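Have a look at the structure below before the remarks.
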Amino acid sequence: MTQDSLTVRAGTRAIERIRDEGLDLNAVKVLAGASGAAKFLVLTGIDRVLIELLANRQQPLHLIGTSIGAFRMAAFCHPDPRKALDNLEHEYIEQHYSRKPTKQEVSLQSNKILDCFIADQDLSAIINNPSKHLNFLANRCKGLLKSENTPLQLLGLGLAAAGNYLRRDYLRYFMDRAHFTSRLNETPFDNLDEFPISHHQLTENNFKQALLACGSIPIVMAGISSIEGAPGMYRDGGLLDYHLDFSMLPAGDDGLVLYPHFYDHMIPGWFDKSLKRYAKPINTENVVLVSPSKSFTDTLPFQKIPDRVDFKTFHDDKAERVNYWRKTVKQSQALGETFADWVESGRIRNKVKAL
Numbered sequence: 027m028t029q030d031s032l033t034v035r036a037g038t039r040a041i042e043r044i045r046d047e048g049l050d051l052n053a054v055k056v057l058a059g060a061s062g063a064a065k066f067l068v069l070t071g072i073d074r075v076l077i078e079l080l081a082n083r084q085q086p087l088h089l090i091g092t093s094i095g096a097f098r099m100a101a102f103c104h105p106d107p108r109k110a111l112d113n114l115e116h117e118y119i120e121q122h123y124s125r126k127p128t129k130q131e132v133s134l135q136s137n138k139i140l141d142c143f144i145a146d147q148d149l150s151a152i153i154n155n156p157s158k159h160l161n162f163l164a165n166r167c168k169g170l171l172k173s174e175n176t177p178l179q180l181l182g183l184g185l186a187a188a189g190n191y192l193r194r195d196y197l198r199y200f201m202d203r204a205h206f207t208s209r210l211n212e213t214p215f216d217n218l219d220e221f222p223i224s225h226h227q228l229t230e231n232n233f234k235q236a237l238l239a240c241g242s243i244p245i246v247m248a249g250i251s252s253i254e255g256a257p258g259m260y261r262d263g264g265l266l267d268y269h270l271d272f273s274m275l276p277a278g279d280d281g282l283v284l285y286p287h288f289y290d291h292m293i294p295g296w297f298d299k300s301l302k303r304y305a306k307p308i309n310t311e312n313v314v315l316v317s318p319s320k321s322f323t324d325t326l327p328f329q330k331i332p333d334r335v336d337f338k339t340f341h342d343d344k345a346e347r348v349n350y351w352r353k354t355v356k357q358s359q360a361l362g363e364t365f366a367d368w369v370e371s372g373r374i375r376n377k378v379k380a381l
């Protein structure tokens with residue numbers, strides 16, 4: 027029996043709708059993207075198909091992400107999204123670092139990637155995209171997490187991890203959410219009250235610094251403290267919102283959240299990775315999670331999805347890493363083709379499972 031390359035899981039409200047009607051992309055109101063560094067490469071096949079399927083959309087689609095997920099969502103909003111995704115993918119794959127890179131080296135490379143897939147002259151079109159409204163999350167740091175001194179920052183991270191182990195909401199003492207949006211008064215993400223939050227309008231002057239902030243990994247990269255209209259020290263949005271464990275639509279909204287993801291489950295925050303802490307069911311009621319199956323992952327080189335550790339593993343053989351990542355991208359095309367087939371044929375009604 028042939029194993030499916032895709033897994034589709036849906037929350038309690040979404041699964042009933044899909045089993046009855048299939049997946050109507052016009053019912054999708056939110057497109058989501060998680061943190062995960064190089065893991066995004068396994069989703070590029072699905073992303074490319076979605077670019078085509080959403081090309082002529084008229085009603086607003088709200089896109090939200092953290093870290094690399096935010097970079098992907100920005101590519102979707104680009105006036106030439108296919109080219110933007112191609113450039114993001116190429117520049118990300120071609121990265122290379124010294125054996126022990128400094129924060130400045132990694133930050134410089136991240137700036138280069140950003141500039142290569144989003145030119146300054148594209149910013150207005152991205153921010154003012156008539157049908158795709160961009161949102162991303164960063165974290166405004168408090169206390170020791172504001173420090174660029176590595177030992178102090180490490181101590182702050184250790185204290186935050188200890189607080190999170192006891193109760194996730196203790197993270198409010200270490201960081202606040204920062205929500206950057208292209209539509210300050212037209213967003214479904216104004217009910218994110220689990221943690222203190224500030225909302226900021228994206229402009230051509232603050233866009234790139236805000237986008238860098240949402241992917242600025244602590245210790246590995248320098249924090250961002252120069253965002254126009256948003257004073258403070260900002261770091262990776264994945265610290266709080268690794269896989270976006272919050273309600274992405276207002277209560278009672280009958281829309282869907284489409285979520286291409288590397289895994290068939292959602293982990294709330296970066297500190298929860300080893301705690302077996304998963305997203306709250308109430309937050310996933312409208313979510314449709316589309317991910318590579320285990321059988322597909324087993325066909326990839328090294329039987330795993332690319333990740334950030336690969337920079338270290340293949341440090342002495344960049345060509346092998348690049349080849350591995352490019353093969354993953356090529357194989358991901360099959361995921362996109364399967365997704366398109368399941369949606370267009372209605373077969374997704376029989377494929378969807380409970381999230």
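Note that the working numbering numbers the sequence shown so that position 268 is 294, with each residue one more than the last. Note that CB positions come from ideal geometry on N, CA and C, so glycine has one too. Owing to the predicted nature of the structure, the values given are computational and were not obtained by experimental measurement.
{"Item": "In terms of residues, what are the limits of the beta strand (DSSP E) holding Gln121?", "Value": "Element bounds for Gln121: n/a, residue is neither H nor E."}
{"Item": "Please classify Gln179 as buried or exposed, where buried requires at least 16 neighbouring CB atoms within 10 angstroms.", "Value": "buried"}
{"Item": "Classify Phe233 as buried or exposed, calling it buried when 16 or more other Cβ atoms lie within 10 Å of its own Cβ.", "Value": "buried"}
{"Item": "Quick one: what's Gln147 bridged to in DSSP?", "Value": "Per DSSP, none; premise fails for Gln147."}
{"Item": "Comparing alpha-carbon positions, which option in Gln29, Cys167, Arg39 lies nearest Leu381?", "Value": "Arg39"}
{"Item": "Taking all protein chains shown into account, decide if Ala188 is buried (16 or more other Cβ within 10 angstroms of its Cβ) or exposed.", "Value": "exposed"}
{"Item": "Can you give me the C-alpha to C-alpha distance between Phe102 and Leu170, rounded to a whole angstrom?", "Value": "35 Å"}
{"Item": "Going straight from the alpha carbon of Val90 to that of Asp195, what length do you get?", "Value": "Contrary to the premise, residue 90 reads as Ile rather than Val in this sequence. Using only the alpha carbons, I get a separation of about 22 Å."}
{"Item": "Would you call Pro105 buried or exposed, if buried means 16 or more other Cβ atoms sit within 10 Å of its Cβ?", "Value": "exposed"}
{"Item": "Do Ser136 and Gly62 have their C-beta atoms closer together than 9 Å?", "Value": "no"}
{"Item": "What does Ala204 pair with, by DSSP beta-bridge criteria?", "Value": "Ala164, Ser224"}
{"Item": "CB Cys167 to CB Met247, shorter than 9 Å?", "Value": "no"}
{"Item": "Got a sec? Which residues, its chain only, sit under 6 Å from Asn155 by beta carbon, not counting five neighbours each side?", "Value": "Cys103"}
{"Item": "If you draw a straight line from the alpha carbon of Ile119 to that of Leu57, how long is it in whole angstroms?", "Value": "24 Å"}
{"Item": "Applying the 10 Å Cβ sphere with the 16-neighbour rule, what's the burial state of Asp342?", "Value": "exposed"}
{"Item": "Bridge partners for Pro318 per DSSP, in chain order?", "Value": "Leu32"}
{"Item": "Measuring CB atoms only, is the segment 352-370 touching the segment 68-86, in the sense that at least three cross pairs come out at less than 8 Å?", "Value": "yes"}
{"Item": "Can you give me the start and stop residues for the beta strand (DSSP E) that Val283 sits inside?", "Value": "282-286"}
{"Item": "Taking 8 Å as the threshold, find out whether the segment 108-118 comes into contact with the segment 139-152 through three or more Cβ pairs.", "Value": "yes"}
{"Item": "Rounded to a whole number of angstroms, what is the C-alpha to C-alpha distance between Ser31 and Lys320?", "Value": "8 Å"}
{"Item": "Given this structure, state the Cα-to-Cα distance separating Gly384 from Val313, to the nearest angstrom.", "Value": "Limits of the chain in this structure are 27 at one end and 381 at the other, which puts residue 384 out of reach."}
{"Item": "Name the two residues that bound the continuous alpha helix (DSSP H) containing Leu192.", "Value": "176-192"}
{"Item": "For the beta strand (DSSP E) containing Lys55, name the first residue and the last one.", "Value": "54-59"}
{"Item": "Please report the straight-line C-alpha distance between Pro332 and Thr354, rounded to a whole angstrom.", "Value": "8 Å"}
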